[in-house]
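Numbering (full-length UniProt numbering), first residue to last: 1 to 289.
Every residue gets a Cβ at the ideal spot worked out from N, C-alpha and C, and that includes glycine.
Report on the structure given below.
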């Protein structure tokens, strides 16, 4: 006699996601399931999502919120995307208890496509504008992060405004750290952080590990700019070993990182900059003594 672990819905979801990731990465299955078993498992998850939508619609009807009720029943799931091709999106729907809308899928695909076009570098970056309340931060940003980190060929780096960093960190951890089991790694850098050579290498190793584990890095534009300026400052102070290690890390990030910017109109504004002052304080030409 022996003990057999109880199979829970979370167990099935974890198995299904692992199969999908292994298929994308190396075509080697860690769990021996036939095609029929995998199709059945995917169908069960789709049925759970439909059941969740029915429960939401019934709750709205009981509360007599007829406008929201109409929007809910008119949002037919999976009309312009195939769940078997985007398993993380399917799990995200279960985790958030939502039905991804058509416009959200269209926007996410449009933003992913330039990354797939290696022959034309002019279309590898893209900016999209949407109205408020259409799920840019709450739905599209997690969808984009999951799609870009579906293999260990790129490290997803989400850049958000400093004021919104705590809220975005908690939100992404809640949505991606549960059923999807993705780590959200914060990256912070300030001028008063006097990194040593060993500390820089430790951060570098953690980023490489994040690339392999499909982790997601969350940072702010101030942190990115601070690291760039701190690299120059290290070299200026003749700390060449540390500076060289930081330069290597910058070069590696430019190769493997794929950036997603939230509130890009603010982050990409021409006045958004960070300056490190050096040397002694002096009066400007024509200034008062």
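Each of 130, 46, 54 was checked against the Cα of residue 84, and the nearest Cα belongs to 46.
According to the DSSP assignment, residue 87 belongs to the alpha helix (DSSP H) that extends over 87-96. Around residue 103, the same chain offers 134 as residues with beta carbons nearer than 7 angstroms, after the five sequence neighbours per side are excluded. Comparing alpha-carbon positions, the option among 52, 283, 58 lying closest to residue 77 turns out to be 52.
Counting along the chain, residue 206 sits inside the alpha helix (DSSP H) bounded by residues 197-213. Counting along the chain, no beta strand (DSSP E) covers residue 43; the unbroken alpha helix (DSSP H) around it starts and ends at 35-62. About 46 angstroms separates the beta carbons of residue 137 and residue 285, which is beyond the 8 angstroms limit, so they are not a contact pair.
The segment 122-131 and the segment 155-165 do not touch, with fewer than 3 CB-CB distances between them shorter than 8 angstroms. DSSP places residue 230 inside the alpha helix (DSSP H), whose first and last residues are 221-236. Beta bridge pairing from DSSP links residue 259 with 157. Going by DSSP, residue 186 is part of the beta strand (DSSP E) stretching over 184-186. For the pair residue 255 and residue 12, the Cα-to-Cα distance works out to about 35 angstroms. In the same chain as residue 235, and ignoring 5 residues on each side of it, the C-beta atoms closer than 7 angstroms to its own belong to 243, in chain order. In this structure, DSSP gives residue 172 a helical state, which the three-state scheme calls helix.
When secondary structure is reduced to three states using DSSP, residue 76 falls in the coil class, being assigned neither helix nor strand. Secondary-structure assignment with DSSP links residue 218 through a beta bridge to 158, 186. Contact between the segment 171-191 and the segment 200-215 is present: 3 or more CB-CB pairs across the two stretches fall below 8 angstroms.
DSSP, reduced to helix, strand and coil, places residue 81 outside both helices and strands of the structure shown, so it counts as coil. Distance from the Cα of residue 151 is smallest, within the candidate group 250, 282, 106, 210, for 210. A Cβ-Cβ separation of about 19 angstroms leaves residue 251 out of contact with residue 159 under the 8 angstroms criterion. Restricting attention to 264, 91, 99, 10, the CA atom closest to the CA of residue 80 is found in 99. With contacts defined as CB atoms closer than 8 angstroms, residue 223 and residue 187 qualify as a contacting pair.
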